[in-house]
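Below is one structure; the comments refer to it alone.
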Amino acid sequence: MQLPALSWFSRRPPLLGLDISATSVKLLELSRSGGRYRVESYAVEPLPTGAVTEKTLSDVEAVGEAVKRVVRQSKTGARHAAVAVAGSAVITKIITLPANLSDDEMAAQIAVEADQYIPYPLEEVNLDFEVLGPAEEEGAVSVLLAASRKENVDTRVAALELAGLKPKVVDVEAYAAENILALMAAQNPARGLAGTVAVFDIGATMTTLNVMDNLKLVYTREQNFGGKQLTEEIQNRYGMSYEEAGKAKKLGGLPPDYETEVLQPFKEALAQQVNRSLQFFYSSSQYHSVDAILLAGGNAVIPGIAGVVESAVGVHTEVFNPFVGMSVAPRVNAQALTNDAPSLMIASGLALRSFD
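For the sequence shown, position 217 (counting from the first letter as 1) is numbered 298 according to my numbering, and the numbering increases by one without interruption.
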């Protein structure tokens with residue numbers, strides 16, 4: 082049995098980072114010269130409604146067509162890609178194995194013992210592992226075992242192949258976020274991102290909280306809250322179709338009472354969700370505070386959202402921007418990249434796998 086089918090730990094060739102979310106496909110390509118990074122290509126392409134449901138690819142062909150369009154729009158020449166599955170679709174377990182095993186011997190032993198840790202038939206899952214370091218037990222190492230149902234991986238692989246791409250890495254969204262946060266902390270030490278940082282990825286239908294401590298993932302949780310609530314409120318209040326409401330939310334032109342009667346209550350509801358998620362985190366861990374909050378995802382671009390969250394929670398809050406300190410290739414629209422930066426967290430973390 083070959084374990085590295087779900088390979089977020091392996092050394093890989095240069096890659097496109099492709100984030101497939103509920104409403105869009107986002108592509109990012111990075112290059113590196115010395116310690117400097119540059120955005121070479123980037124594009125965002127909307128998905129048809131229902132193509133992705135709760136982070137499951139419901140219509141692989143529609144997603145594949147969107148991937149094809151986003152590649153064409155980006156004008157990239159790269160054809161290797163990395164994608165990610167949601168943390169809720171992955172089971173992880175830290176196990177202890179003898180330190181003197183080779184990688185092949187370790188893979189073979191994990192394959193034999195994996196049914197102790199995985200609640201699915203092994204023929205239905207992809208497995209991978211990473212040695213974390215010495216275990217407390219003498220002569221042993223701690224090993225992170227990760228498993229995901231094959232359907233989670235296979236649908237993403239199929240969508241990329243429909244677009245003519247070669248999938249090389251299937252990562253986990255939380256690890257992609259960890260990857261880009263580590264780079265941000267290294268490039269901007271003054272931002273204080275190496276402490277305990279809560280990263281809220283606010284998508285269309287779901288908000289994911291990833292807590293990093295010393296740049297390592299210590300907690301992740303998803304909740305059903307996102308920008309769809311705001312779109313639906315616009316739709317209902319102003320008699321629009323869902324598609325019209327979504328466009329108006331992004332492009333503007335809504336009635337004068339929108340700011341006070343619709344947008345401000347949504348900001349406050351989002352701040353309450355952030356506060357509840359943090360309280361749940363504190364109650365279920367040894368942590369009692371976080372040093373900073375980062376807001377990512379498409380809804381983090383709502384004007385003033387960071388200030389509303391900071392006032393409600395009492396923790397320094399800023400909007401996620403992974404491109405501070407990076408240069409931008411001439412063919413990339415720098416202003417559009419800045420506008421989309423919070424929603425490119427996963428794509429940028431995946432693009433960094435080029436340099437593993």
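A virtual CB, placed ideally from N, CA and C, is assigned to each residue, including glycine.
Computed from a predicted structure; not experimentally measured.
The C-alpha of LEU226 lies about 53 Å from the C-alpha of PRO337. Counting C-beta pairs with one atom in each stretch, the stretch 109–122 and the stretch 400–414 have three or more that are closer than 8 Å, which means they touch.
Here the alpha carbon of LYS156 sits roughly 34 Å from the alpha carbon of LEU208. Taken atom to atom, the span from the alpha-carbon of PHE210 to that of LEU128 is near 32 Å. Within its own chain, the residues whose Cβ lies closer than 6 Å to the Cβ of SER112, once the five positions on either side in sequence are excluded, are ARG119 and GLU121, listed in chain order.
The DSSP assignment places 141–155 and 184–194 as complete runs of the alpha helix (DSSP H) inside the stretch 135–221, in order along the chain (cut-off: 4 residues). If you draw a 10 Å sphere on the C-beta of PRO179, you find fewer than 16 other C-beta atoms in it, and that means exposed.
Non-local beta-carbon contacts of ASP196 in its own chain, meaning distances under 7 Å to residues more than five positions away in sequence, involve LEU203 in chain order. Among the bridge pairs identified by DSSP, MET407 is matched with none.
Shown here, ALA132 sits in coil according to DSSP, grouped into three states, outside any helix or strand. Two segments are said to touch when three or more pairs of C-beta atoms, one from each, lie closer than 8 Å; by this definition the stretch 300–316 touches the stretch 350–365. Under the three-pair Cβ rule at 8 Å, the stretch 420–427 counts as touching the stretch 254–264. By alpha-carbon distance to ALA244, the top candidate from GLN354, GLY378, ALA159 and VAL396 is ALA159.
A distance of 9 Å or more separates the beta carbons of ASN380 and GLY327. Rounded to the nearest whole angstrom, the C-alpha separation of GLY145 and THR130 is 14 Å. In this structure LEU332 is exposed. Its beta-carbon is surrounded by fewer than 16 other beta-carbon atoms within 10 angstroms. In the DSSP assignment, LEU351 falls within the alpha helix (DSSP H) that extends over 345–364.
In this structure, DSSP gives LEU425 a helical state, which the three-state scheme calls helix. Taking the Cα positions, GLU135 is about 16 Å away from SER229. For ARG318, the uninterrupted alpha helix (DSSP H) run begins and ends at 309–319, by DSSP. For ASN233, the number of other beta carbons within 10 angstroms of its own is at least 16, and it is reported as buried. For VAL371 against THR277, the beta-carbon gap comes to about 5 Å, under 8 Å, which counts as contact. Here PRO248 is buried: its Cβ has 16 or more other Cβ atoms, across all protein chains shown, within 10 Å.
In this structure, LYS107 is the residue among SER139, LYS107 and GLU194 with its C-alpha nearest to the C-alpha of ARG153.
Segment contact: the stretch 339–357 against the stretch 308–320, three or more CB-CB distances shorter than 8 Å; contact assigned. For SER392, the uninterrupted alpha helix (DSSP H) segment begins and ends at 386–394.
Shortest Cα-Cα distance from GLU254 to any of ASN420, ASP282, ASP294 and ILE176 involves ASP282. Cβ atoms of VAL251 and VAL166 come within 8 Å of each other, at about 6 Å.
As DSSP reads the structure, TYR118 sits in a beta bridge with ARG113.
For LEU99, no alpha helix (DSSP H) encloses it; the enclosing beta strand (DSSP E) starts and ends at 97–101. The residues VAL106, LEU108, ALA124 and GLU126, in chain order, have a CB closer than 6 Å to that of VAL151 in the same chain once the five nearest residues on each side in sequence are set aside.
Residues of the same chain with a CB within less than 6 Å of the CB of ARG237, apart from the 5 flanking positions on each side, are VAL164 in chain order. In terms of Cβ geometry, LEU335 and VAL390 do not form a close pair [threshold 9 Å]. Beta-bridge partners of MET293 (DSSP): VAL278 and LEU298. Residues of the same chain with a CB within less than 6 Å of the CB of THR289, apart from the 5 flanking positions on each side, are ASP282 and GLU303 in chain order. Membership of GLU342 in any beta strand (DSSP E) is not indicated, and neither H nor E is assigned to it by DSSP.
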